[in-house]
Amino acid sequence: MKLQFLGATDTVTGSRYLIQHEQSRVLVDCGLFQGYKLLRLRNWAPPPVKPASIDAVILTHAHIDHSGYLPLLARQGFRGKVFCTPATYDLCRILLPDSGHLQEEEAEYANRHKLSKHKKALPLYTRDDALQCLKLFHPVPYGKNWQPVPGLQACLTPSGHMAGSSFIRLDDGSRSILFSGDIGRPNDLVLKPPTQMDGADYLVVESTYGDRLHGHSDPLLELGQVINRTAARGGVVVIPAFAVGRAQSLLHCIQLLKAQGVIQDVPVYLNSPMAASAMQVYLKHKSELRLTTAECDALAKVAHIVQSPEDSRQLNTRHGPMVIISASGMATGGRVLHHLKAFAPDKRNTILFAGYQSGGTRGATITAGAPIVRIFGEDVPIRAEVAMLDDLSAHADAAEIVTWLKDFRAPPRKTFITHGEPAAADAMRQRIERELHWNVHMPFYLETVTLH
512 MKLQFLGATD TVTGSRYLIQ HEQSRVLVDC GLFQGYKLLR LRNWAPPPVK PASIDAVILT
572 HAHIDHSGYL PLLARQGFRG KVFCTPATYD LCRILLPDSG HLQEEEAEYA NRHKLSKHKK
632 ALPLYTRDDA LQCLKLFHPV PYGKNWQPVP GLQACLTPSG HMAGSSFIRL DDGSRSILFS
692 GDIGRPNDLV LKPPTQMDGA DYLVVESTYG DRLHGHSDPL LELGQVINRT AARGGVVVIP
752 AFAVGRAQSL LHCIQLLKAQ GVIQDVPVYL NSPMAASAMQ VYLKHKSELR LTTAECDALA
812 KVAHIVQSPE DSRQLNTRHG PMVIISASGM ATGGRVLHHL KAFAPDKRNT ILFAGYQSGG
872 TRGATITAGA PIVRIFGEDV PIRAEVAMLD DLSAHADAAE IVTWLKDFRA PPRKTFITHG
932 EPAAADAMRQ RIERELHWNV HMPFYLETVT LH
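Quick note: the sequence shown uses my numbering, first residue 512, plus one each step.
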């Protein structure tokens, strides 16, 4: 068995791992590269492995950096099955067509405003490409053993990162490998904790927060303080949020704050049709949530859902106090860019980030203190307060990852550190070596290793 790293090395995006078992090839995750242009160009480059030669894809979860390359893979010749949990399938039915639609919109905008350096800007793939690839999906429930290809057994186990997220364990009878995907947190407000695993012969583990610990502050308290001080200025809180996972957590927090009387009854707008649809998926799969039936009902009612582009534009003409939650979470695209353009120049307002900002993204630029950010070809001054809610992250921190690893029955023969910026991945490597004394390796892009 061989493992090749086609992504998520020296970066938190582009998650793609190729398993070669006898004559078969299985791709674990099929994500888009995001952030720095050097990384994004990999999405456009010829794939290092012919898509038609891949027999199956298994997804850890639905986030675009783990699933967003699938429409292009299928358009380029992949005809195998895509395996994932039912909730991941339901979310991909929302996320992938939206991703294609956004890329079509951005290409059209670039052409209309002559912003492209090429004769004509083209989308990486279209909404129709995404709809076509969904025909390849075959949902598999948690805990079921099945064979994605002959001689290789697979099983999905809840990882607590988002609805449908899973650890993937592959076993060919003589060796096994476990892919962590993104590991959730033990005390998440919405999701149940990640399942404790027995381990495997080989491990591929994420390191998004490998060089840091989440704070011990109360995210509810911090969110309430941000909303209250912004409301006191008559300002608007703009929250760039991932449509799946983070948006639902934020709405649950706001509902709790209102119910406890911590914040006034300011209007809350969820300006992301995708997040609204994802909410319905979460409620459909509520067995994966910590929430009671009453809390699920309240979650569905806390925000005004903004559907049409016209209603979205109208929000930019309103005054605070109000809260706008809109995608994308790293401000790389979507409706939130229009809100940032409208509200970032006013010091009464607040831009609140509620999760990790990958290097090279607009969100990382803003949180680093840049006075100006480029949006739709224009320089937009950042005069609004910029705040960060790190404790709402859906990723386990360095200590939480090691705690999860400590309960493995035996150390893996080798542990591969991926899905982290270089400093975070190396810190995770050192921590595992120091605390667990495991054999650890940081793979490089396109590296192939033999799993003996």
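A virtual CB, placed ideally from N, CA and C, is assigned to each residue, including glycine.
With a cut-off of 8 Å on Cβ pairs, the stretch 898–912 is in contact with the stretch 687–704, counting three or more such pairs. Under the DSSP definition of a beta bridge, Arg536 partners with Gln531. For Ser783, the three-state secondary structure derived from DSSP is coil.
Judged by DSSP in its simplified three-state form, Thr872 adopts coil rather than helix or strand.
Of all alpha-carbon atoms in Gly831, Phe887, Thr524, Ile928, the one lying nearest the alpha-carbon of Ala743 is that of Gly831. Taking Cys644 as the centre and dropping the five residues before and after it, the same chain places the C-beta of Leu581, Pro582, Ala585 closer than 6 Å to its C-beta, in chain order.
Relative to Tyr780, the option among Gln818, Pro933, Thr596, Asp808 whose CA is nearest is Gln818. Residue environment for Ala895: buried (at least 16 other C-beta atoms within 10 angstroms of its C-beta).
Around the beta carbon of Trp915, a 10 Å sphere encloses 16 or more other beta carbons of the protein chains shown; the residue is thus reported as buried. Under the DSSP assignment, Met939 falls in the alpha helix (DSSP H) whose first and last residues are 933–947. By the CB criterion at 8 Å, Leu810 and Ala865 fall outside the cutoff. Out of Val749, Lys592, Pro608, the CA that lies nearest to the CA of Ser788 is found in Pro608.
For Ile605, the closest C-alpha among the options Asp709, Arg680, Ala641 is that of Ala641.
By the Cβ test, the stretch 642–661 is in contact with the stretch 525–538, since at least three Cβ pairs between them sit closer than 8 Å. Just measuring C-alpha positions, the residue of Phe690, Val897, Ser670, Val884 sitting nearest Ile679 is Phe690. Pairing Val748 with Leu851 gives a Cβ-Cβ distance that is not under 8 Å. Rounded to whole angstroms, the separation of the alpha carbons of Pro704 and Leu767 is 20 Å. DSSP places Glu889 inside the beta strand (DSSP E), whose first and last residues are 889–892.
Counting of Cβ neighbours within 10 angstroms places Asp776 among the exposed residues, the total staying below 16.
Taking Thr878 as the centre and dropping the five residues before and after it, the same chain places the C-beta of Phe864, Gln868, Val897, Met899 closer than 7 Å to its C-beta, in chain order. The Cβ-Cβ distance between Gln759 and Val701 falls below 8 Å.
Contact check for Thr571 against Gln545 fails: the beta carbons are separated by 8 Å or more. Secondary structure note for Lys513: its beta strand (DSSP E) is the uninterrupted segment 513–516.
Gly654 and Leu681 have their C-alpha atoms spaced approximately 13 Å apart. Uninterrupted alpha helix (DSSP H) stretches at least 4 residues long and entirely within the stretch 721–777 occur at 730–743, 757–770, given in chain order. Residues of the same chain with a CB within less than 6 Å of the CB of Cys807, apart from the 5 flanking positions on each side, are Leu794, Lys797 in chain order.
Ranking Val913, Arg740, Glu616, Ala938 by CA distance to the CA of Arg638 puts Glu616 first. Bounds of the beta strand (DSSP E) holding Phe927 are 925–929. Boundaries of the beta strand (DSSP E) harbouring Glu717: 713–717, taken from the DSSP string.
The three-state secondary structure of Lys592, taken from DSSP, is strand. Here Ser627 carries a coil assignment [DSSP, helix/strand/coil].
Using a Cβ-Cβ distance cut-off of 8 Å, the stretch 916–930 and the stretch 724–732 are not in contact, since fewer than three pairs of beta carbons, one from each stretch, lie closer than that value. Less than 8 Å divides the Cβ of Asn827 from the Cβ of Ala853. When C-alpha distances from Asp890 are compared across His948, Ile912, Pro856, Glu911, the shortest belongs to Pro856.
The Cβ neighbour count for Leu732, taken over all protein chains shown within 10 Å, is under 16; the residue is labelled exposed. The beta carbon of Gly871 lies closer than 6 Å to those of Gly546, Tyr547 in the same chain, with the five residues before and after it left out.
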